[in-house]
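Residues 1 to 698 (UniProt numbering) make up the sequence shown, in order. Ideal Cβ placement from N, Cα and C applies to all residues, glycine included. Only one structure is covered here, and it is reproduced in the block below.
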Amino acid sequence: MSTAFESVAATRPRIRRDVLFTAAYDGVLFHNSSGGFKITSPSAYRLATLLVPFLDGRRTVAELCAKLPDPQRAMVGELVGALMARGFTRDIPADEADPATVLGADVAKRFASQIGYIDHYTDRAPHRFAAFRDSTAAVLGSGPVAHACALSLVRNGMARVAVVGTTDGAAAAEAAQLGVPSTVDEWSTAGAEPTWDDLAGADVVLVAGGPDAARLTHRLLAAGVPAGTTLVPAWTFGGHAVVGPATGADRRGCWYCAMLRLHANDGGGAAAEVWRTVAVGVPSTVDGPTGPLAAMIGNLLAFEVFRLTTGALPAETDGAVIVQDLESLDVVSERLAPHPSCVYCPPTPVPLDAVTLDPPPGGEDTDAAAAALAARDVLVQPHTGVFRRYDDESRDQSPVKVATLVFTDPAGTPRRISAFDVHHLVGARTRVLAHAAVAYADRLGVAAGAVVGRSLVDGRPVDLPRAEVEPFGAANADRAVEPSRAGAGAGFDPAAAVRDALASALASAALRAAIAGAPVTAVHLDTLGDDPELRFLIRAAANLGTTVDLLDLAAAAPGGAHVLLARHRDDPLWAVAADPSWRAAAVRALCDLVGLVQLRQQCGDPDAMDGRDPFLMDLDPHTLAATGTTGHRIDAAGTWRGVLDAVAAAGSDAVAVPVGGADLPAYGLHTVRVVLTGRAERTGSAVGTGRAVRTDRG
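Okay, here's the thing in structure tokens:
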């Protein structure tokens, strides 16, 4: 007997409802909305026409083929196996209940299409539909969105719908004509507006638009969503209708989180209007949707209830919001990261565990880097993203790659941050995401009280002044610490973030020591010709009309790290980088300097910078006088562990502290600050500090 037949003989395949098959000149083509495949055989189409009508999940393949000879069984096995492997059919359990048994014959017949819709995606369709039908939804509102929502719930099978507000009677009339038990109740409220006591019988509460939707949603949220209840709001934000997020126990994000994100990404005054209605208690003056658009949003709300209660599909408002443009009608669903400043559902801060700083050996994998960047796209969204958008598609990506990220930091300042990479835009965007994460985390200021970091030397806890850790925050309002990004870093995992921050702190310490008089040597650029990346960067600078100096600050660097500063000979532009590898530090510093020159020339602004916070305020790099010259040390490479050992041997310590909130780490972007301290004083205030990313510029 055929192996293909044996592998599917015990299954009860049911073909999905969106599958079509078409005759091809040499076989049959199966396809649906997401793709297709072809089976090549002269008799394949004939077999499909005979077999597909019986793929209804009621019989096993063995039962269907009981009277067929082995060759035909093998053909059936191959066809069914191909369909199942590609998700075109689903194996139905033998004990699947009859909808009429679970729901009653009349209900099963009346809502057969809804039950079939669930069955298309998952199992136990009758029971899942019963969960929807037996739930109670309370629709709050008196406008067209609320009317359409209530009507849609009734039409799709919910047995009990409660309306809080003025109704147009359409839902009640529909319920009376269904021929199955269905009621539309009008709930009254004890006061002018509904409270959770008034809504005690509802499983899902829908704030269905209207001029008071935002205020009512906020008031219900502030009162606390009861256990077992889900709150789903729909409201107007400027020229957009917003639906969600679904709020309740064990759900991520809330209306307040959504408003904080929308506010940060709002280029107009839409947020101010919403906050006004919430704070003052007056109805919104923004016109809400009417006509077909209101019906569309009402149906969308009802469909979210269907998703939430049946689980047939993930609810689009579970940890997300749906945003619809009221003019173009374009709709987008965006994930919602809980906001660290939310007073109702603040995420728990992520502690910094011990990390292995030295990455495993191996070359750079561009595909893996692209996949890692794509996995963090949820952080970059136009409406509810932590960052709004990349703005680099129109740039001339030569000689180096330039990535620019646009967002508004938690202090309300619009930011445009750029980063550079020698090879590809993926690398530049990875770096700019890290740079933006530092700027974002440095402005949050969500915590208070003492700060306890972790020693990178021996792992013990170390107390730090909050002003050292949050130099842009309220704790440093008197400027006891210079506001600087030095010592802050970010990465796609905690180890990468710590490396970034440690390199920044070491670069800061070396630069300050050089300013104080430590020896600085100039590197002969003509000795770099044997390295392709360094040769490319030197030539790129020359092609941009820039003469470059490369200064080695190693004599001033703590821990034996290699610190190199690249400066424009005729302009106060500079970039500094630190790394255990001399070559890596040189490439990073030169790439960032070339990128800055390229950015200025392409945007036409002679004063353009990369948009990050200052590393060392008002430094003129030409004040660093080289005391000698040296050749390259391309082969000089150590380890981060070796750097930390040297820091410890010098009587110092490097203390790492996670900064910012839990929203970035939840999606794989970590931010850390490293403070260099004296070990003898590490339970008190820090004696040295650095702030910024692994590569730093002025």
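- Of all alpha-carbon atoms in Gly-453, Ile-515, Asp-391, Ala-66, the one lying nearest the alpha-carbon of Val-675 is that of Gly-453.
- For Thr-290, DSSP assigns no beta-bridge partner whatsoever.
- Going by DSSP, His-622 is part of no beta strand (DSSP E) at all; its letter is neither H nor E.
- Considered as a whole, the segment 569-622 harbours 582-603 as its complete alpha helix (DSSP H) runs of no fewer than 4 residues, in chain order.
- With contact defined as three or more Cβ pairs closer than 8 Å, the segment 86-99 and the segment 163-175 are not in contact.
- For His-218, the CB contacts under 8 Å within the same chain, skipping 5 residues up- and downstream, are Trp-255, Tyr-256, Val-278 in chain order.
- If only complete runs of 3 or more residues are kept, the segment 383-421 shows the beta strand (DSSP E) at 401-408, 414-421, in order along the chain.
- DSSP, read as helix, strand or coil, puts Asn-265 in coil.
- In the DSSP secondary-structure assignment, Asp-549 is bridged to Arg-567.
- Two segments are said to touch when three or more pairs of C-beta atoms, one from each, lie closer than 8 Å; by this definition the segment 649-656 does not touch the segment 569-585.
- Annotation for Trp-275: the continuous alpha helix (DSSP H) segment containing it runs 270-280.
- The alpha carbon of Met-296 has as its nearest neighbour, out of Ala-666, Gln-324, Ile-92, the alpha carbon of Gln-324.
- Residue pairing by DSSP places Ile-39 opposite Val-28 in a beta bridge.
- Looking only at Glu-327, Gln-177, Ser-34, Gly-604, the smallest Cα-Cα distance to Leu-20 is reached by Ser-34.
- When DSSP states are grouped into helix, strand and coil, Arg-251 belongs to the coil group.
- Closest in alpha carbon position to Pro-194, among Val-242, Gly-141, Val-243, is Gly-141.
- In this model, His-424 and Lys-401 are separated by some 6 Å (Cα to Cα).
- Taking C-beta separations shorter than 7 Å and ignoring five residues to either side along the sequence, the partners of Val-432 in its chain run Ala-403, Thr-404, Leu-405, Ile-417, Ser-418, Ala-419, following chain order.
- In this structure, Val-659 and Ala-337 do not form a Cβ contact; the two beta carbons are roughly 17 Å apart against a cut-off of 8 Å.
- With fewer than 16 other Cβ atoms inside 10 Å of its own Cβ, Phe-54 counts as exposed.
- As for any beta strand (DSSP E) of minimum length 3 sitting wholly inside the segment 317-379, the runs are 320-325, 331-335, ordered along the chain.
- Look at the beta carbons and you see the segment 663-677 touching the segment 494-511: at least three pairs across the two are nearer than 8 Å.
- Runs of beta strand (DSSP E) with 3 or more residues, each lying fully within the segment 415-503, are found at 451-455, 461-464, 488-491, listed in chain order.
- Contact between Leu-534 and Ala-586 is confirmed by a C-beta separation of about 6 Å, below the 8 Å threshold.
- Where Ser-7 is concerned, the enclosing alpha helix (DSSP H) starts and stops at 3-8.
- Relative to Ala-505, the option among Arg-251, Ala-656, Gly-311 whose CA is nearest is Ala-656.
- The C-alpha of Ala-556 lies about 27 Å from the C-alpha of Ala-541.
- In summary, Met-617 is exposed, with fewer than 16 beta-carbon neighbours lying within 10 Å of its beta-carbon over all protein chains present.
- Only buried fits Gln-598, as 16 or more other CB atoms lie within 10 angstroms of its CB.
- DSSP links Arg-160 through a beta bridge to Thr-136, Thr-183.
- Sequence-distant Cβ neighbours of Gly-668 in its own chain, meaning closer than 7 Å and more than five residues away, are Ala-375, Arg-376, Phe-492.
- Excluding the 5 residues flanking it on each side, Ala-227 has same chain C-beta neighbours closer than 7 Å at Ala-249, in chain order.
- When only Cα atoms are considered, Cys-342 and Val-438 end up about 20 Å apart.
- Under the DSSP assignment, Ala-150 falls in the alpha helix (DSSP H) whose first and last residues are 144-155.
- Leu-231 is bridged by DSSP to Val-205, Thr-247.
- Taking one beta carbon from each stretch, the segment 266-277 and the segment 298-312 have fewer than 3 pairs nearer than 8 Å; the two do not touch.
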